[in-house]
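When we follow numbering that gives the first Met the number 0, the leftmost residue of the sequence shown carries the number 0, and every step to the right adds one. Below: the structure, in structure tokens.
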Amino acid sequence: MPHFAQRPLTRDVERWCRDLLPRVSRTFALSVRVLPGELGRAVLAAYLLCRIADTIEDAPQLDAQLKAATLDRFLHCFDDPASATTLAADLTSWPGDAAHVELSGGVDRVFALFASLPVPTQRHVHRWVAEMGRGMRKFVLLYPNGIRIQTREEYREYCYYVAGTVGYMLTDLWHEHSHAVSDAVYRKLREKSRQFGEALQTVNILKDVATDAEHENSIYIPEQELRAHGSGHATILSAAHSNANHAALTDLVKLAWADLEDAVRYILTVPRRAWSIRTFCVWPLLFAFATLRDLTQTRAMLQHGGVVKITRAEVKSLLFLAPMLVSSNAAVRWLVTRVKRRAFVLAGA
């Protein structure tokens, strides 16, 4: 276990992290702003650390051994923060999306932000980021030629490592930083933490089938599911196998609906007076419901270059209305039900 100590932070480091965040994820940048004080800083640091691990795992041009070794070096930075400077210099030269390369090249700054957090917060973040990183390393080495998930059990295991861990980490942070999340509430939230984290990941996997296969050399739809309907990884984007592939995805869509419903229960367990936490959680959940709704009405994700994306007008409408309703359990339920049925767009959005 690393020895943690809270260290001072220069303002320019935190400003760099906050300024880069919208380029990595505009939606998350909006969400994290509603979290107050140390909680907001903790979630910011945790999110950026997770994205760096994800960037290392996803780099399609690099071999599995280098990815695994780099994930090890990344996790070693928790034990030896000074090593983040060397890692940052190496990651700056990696290929990839400009924002993610810049983030990875600033891993030393992200670890500096992490080290400025209270020691109990550092322990929570380290526990779950390390669990995520070890899981990513396992799958990178298991599939050195590109991840090819084989069974539903393996699918769930992968989702746990890359997303279920995030659900647990956030729950630990809510408990530490919010007086509203009592020990009793924390225990209830823990029961649905994994599903809350994985719900968003399962939807992302389903909407990004073509993108993952073509740009990241990864296929997360289980081979077992595809074969049961007469297809396989080799034909997942084949027009001739469209019906079989769609049938396999339909089974996983049912699983995603169930995860999303558990995620709603998670949010409704958060005390209503914890407005900022509820708002932070409900925005991505509503976007996931809207995306899954659209997934049931298209096969674009199974076509070369196919993209499934909810409209900017719906995103703006949900960003505007959800914070006004989030303190009411009945209103949250109403909005979720409404979004599941059809696109939710306010006049003028």
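Ideal Cβ positions, reconstructed from N, Cα and C, are used throughout, including at glycine. The model shown is predicted, which means the values in this text are computed figures rather than measured ones.
For R147, the residue or residues it bridges with in DSSP: As a position in the sequence shown, residue 147 is number 148, starting the count at 1. In DSSP, R147 forms a bridge with I218.
Does the distance from the C-beta atom of L318 to that of V338 stay below 9 Å? To locate residue 318, count along the sequence shown from 1; it is residue 319. To locate residue 338, count along the sequence shown from 1; it is residue 339. Not closer than 9 Å, so no.
Under 6 Å Cβ to Cβ from L291, same chain only, skipping five residues before and after it: list those, please. Taking the sequence shown and counting its residues from 1, the one referred to as residue 291 is at position 292. So the list reads V202 and A255, once near-sequence residues are dropped.
Backbone secondary structure at Y46 - three-state DSSP: Taking the sequence shown and counting its residues from 1, the one referred to as residue 46 is at position 47. Three-state result, Y46: helix.
With a threshold of 16 other CB atoms inside 10 Å of the CB of S350, please say whether the residue is buried or exposed. Residue 350 lies beyond the residue range present for the chain, which begins at 0 and ends at 348; the question has no answer from this structure.
Among T249, A238, L334 and Q194, the one whose alpha carbon lies nearest that of P221: Translated into positions along the sequence shown, residue 221 becomes position 222. For P221, the nearest C-alpha among the options comes from T249.
Nearest-angstrom Cα distance between A209 and T170? As a first step, residue 209 is located in the sequence shown; it is residue number 210 there, counting from the start. As a first step, residue 170 is located in the sequence shown; it is residue number 171 there, counting from the start. Looking at the two C-alpha atoms, the distance is approximately 32 Å.
Hey, how far is the Cα of R25 from the Cα of R17? For the purposes of this step, residue 25 is taken as residue 26 along the sequence shown, with counting starting at 1. For the purposes of this step, residue 17 is taken as residue 18 along the sequence shown, with counting starting at 1. About 11 Å.
For G304, count neighbouring C-beta atoms within 10 Å of its own C-beta (all shown protein chains included) and say buried if the count is 16 or more, exposed if not. The residue given as residue 304 occupies position 305 in the sequence shown. The residue is exposed, with fewer than 16 neighbouring Cβ atoms inside 10 Å.
I'd like the span of the alpha helix (DSSP H) that includes W93, first residue to last. As a first step, residue 93 is located in the sequence shown; it is residue number 94 there, counting from the start. Careful: W93 lies outside any alpha helix (DSSP H) and carries neither H nor E.
Check whether the Cβ atoms of F279 and L259 lie closer than 9 Å to each other. Residue mapping note: residue 279 aligns to position 280 of the sequence shown, counting from 1. Residue mapping note: residue 259 aligns to position 260 of the sequence shown, counting from 1. The criterion of a C-beta distance shorter than 9 Å is not satisfied by F279 and L259.
With C-beta atoms as the reference, is A212 less than 9 Å away from V139? Locating residue 212 in the sequence shown gives position 213, where the first residue counts as 1. Locating residue 139 in the sequence shown gives position 140, where the first residue counts as 1. Cβ distance not < 9 Å, so A212 and V139 don't count as in contact.
For P117, I'd like the list of residues in its chain whose CB is within less than 7 Å of its CB, leaving aside the five on either flank, ordered along the chain. Within the sequence shown, the letter at position 118 stands for residue 117. Once the five neighbours on either side are set aside, the close Cβ partners of P117 are Q5 and E37.
Contact between the stretch 86-102 and the stretch 115-130: three or more CB pairs below 8 Å? no
How do the stretch 170-183 and the stretch 141-156 stand: do at least 3 beta-carbon pairs fall below 8 Å, yes or no? no
Measuring alpha carbon to alpha carbon, tell me which residue in A81, I51 and D79 is nearest L70. Locating residue 70 in the sequence shown gives position 71, where the first residue counts as 1. Here the closest residue by C-alpha is I51.
Cα separation between M300 and N244? Position 301 of the sequence shown, counting from 1, holds the residue named residue 300. Position 245 of the sequence shown, counting from 1, holds the residue named residue 244. Looking at the two C-alpha atoms, the distance is approximately 10 Å.
Keeping to the same chain, check which residues put their C-beta closer than 6 Å to that of A330; ignore five residues upstream and five downstream. For this step, residue 330 is matched to residue 331 along the sequence shown. Result list for A330: L324, in chain order.
Is V306 near the ligand NAD, with its Cβ less than 8 Å from a heavy atom? Within the structure as shown, the ligand NAD is missing, as the structure has no ligands at all.
On the premise that E190 lies in contact with G163, defined as a C-beta separation below 8 Å, what is that separation, rounded to the nearest angstrom? On the sequence shown, residue 163 is found 164 positions in, with the first residue counted as 1. On the sequence shown, residue 190 is found 191 positions in, with the first residue counted as 1. That pair is no contact at about 13 Å.
Report the option in S103, Q200 and D107 whose CA atom is closest to the CA atom of S82. As a position in the sequence shown, residue 82 is number 83, starting the count at 1. With distances taken between Cα atoms, S82 lies closest to D107.
Taking the continuous alpha helix (DSSP H) assigned at S181, which residues delimit it? As a first step, residue 181 is located in the sequence shown; it is residue number 182 there, counting from the start. First-last for S181: undefined, no H or E at that position.
Cβ-Cβ distance between V263 and A321 below 9 Å: Working through the sequence shown from its first residue, we reach residue 263 at position 264. Working through the sequence shown from its first residue, we reach residue 321 at position 322. Cβ distance not < 9 Å, so V263 and A321 don't count as in contact.
Residue closest to Q194, alpha-carbon to alpha-carbon, out of V165, A239 and D261: Taking the sequence shown and counting its residues from 1, one reaches residue 194 at position 195. Residue D261 is the option with its Cα nearest to Q194.
Considering only the beta carbon of each residue, do H232 and L225 sit closer than 9 Å? The sequence position of residue 232 within the sequence shown is 233, counting from 1. The sequence position of residue 225 within the sequence shown is 226, counting from 1. The beta carbons of H232 and L225 sit closer together than 9 Å.
Expected contact under 8 Å - CB spacing of P1 and F77 to nearest Å: Stepping through the sequence shown from its first residue, residue 1 is reached at position 2. Stepping through the sequence shown from its first residue, residue 77 is reached at position 78. Their Cβ separation, rounded to whole angstroms, is 5 Å, which keeps P1 and F77 in contact under 8 Å.
Quick check: what's the CA-CA separation for L349 versus L284? The first residue shown for the chain is 0 and the last is 348, placing residue 349 beyond what the model contains.
Judging by CA-CA distance, which residue of K137, G39 and R136 is the nearest neighbour of S115? By one-based count along the sequence shown, residue 115 stands at place 116. Ranking the options by Cα distance to S115, first place goes to G39.
When A41, Y154, P7 and K308 are compared against H174, the one with the closest alpha-carbon: Position 175 of the sequence shown holds residue 174. Comparing Cα-Cα distances from H174 to each of A41, Y154, P7 and K308, the minimum goes to A41.
What does a CB cutoff of less than 6 Å around A98 pick up in its chain, not counting 5 residues either side in sequence? The sequence position of residue 98 within the sequence shown is 99, counting from 1. Answer for A98: R22 and V23, listed in chain order.
Cβ distance (whole Å) where L20 is taken to contact A28 below 8 Å: The residue given as residue 20 occupies position 21 in the sequence shown. The residue given as residue 28 occupies position 29 in the sequence shown. Yes, they are in contact, since the Cβ atoms of L20 and A28 sit about 4 Å apart, within 8 Å.
Between the alpha carbons of R186 and H125, how many angstroms are there, rounded? Residue 186 sits at position 187 when you count from the first residue of the sequence shown. Residue 125 sits at position 126 when you count from the first residue of the sequence shown. Going by the C-alpha atoms only, they are around 21 Å apart.
Between which two residues does the alpha helix (DSSP H) carrying T278 extend? Translated into the one-based positions of the sequence shown, residue 278 becomes position 279. Note, T278: alpha helix (DSSP H), W274 to L294.
Less than 9 Å separating the beta-carbons of G145 and P59? Here residue 145 corresponds to residue number 146 of the sequence shown, with the count starting at 1. Here residue 59 corresponds to residue number 60 of the sequence shown, with the count starting at 1. Yes, the pair counts as a contact, with Cβ atoms nearer than the cut-off.
Measuring CA to CA, which of R122, G105 and D57 is closest to Y142? Here residue 142 refers to the residue found at position 143 when the sequence shown is read from its first residue. Measuring from the Cα of Y142, the nearest candidate turns out to be D57.
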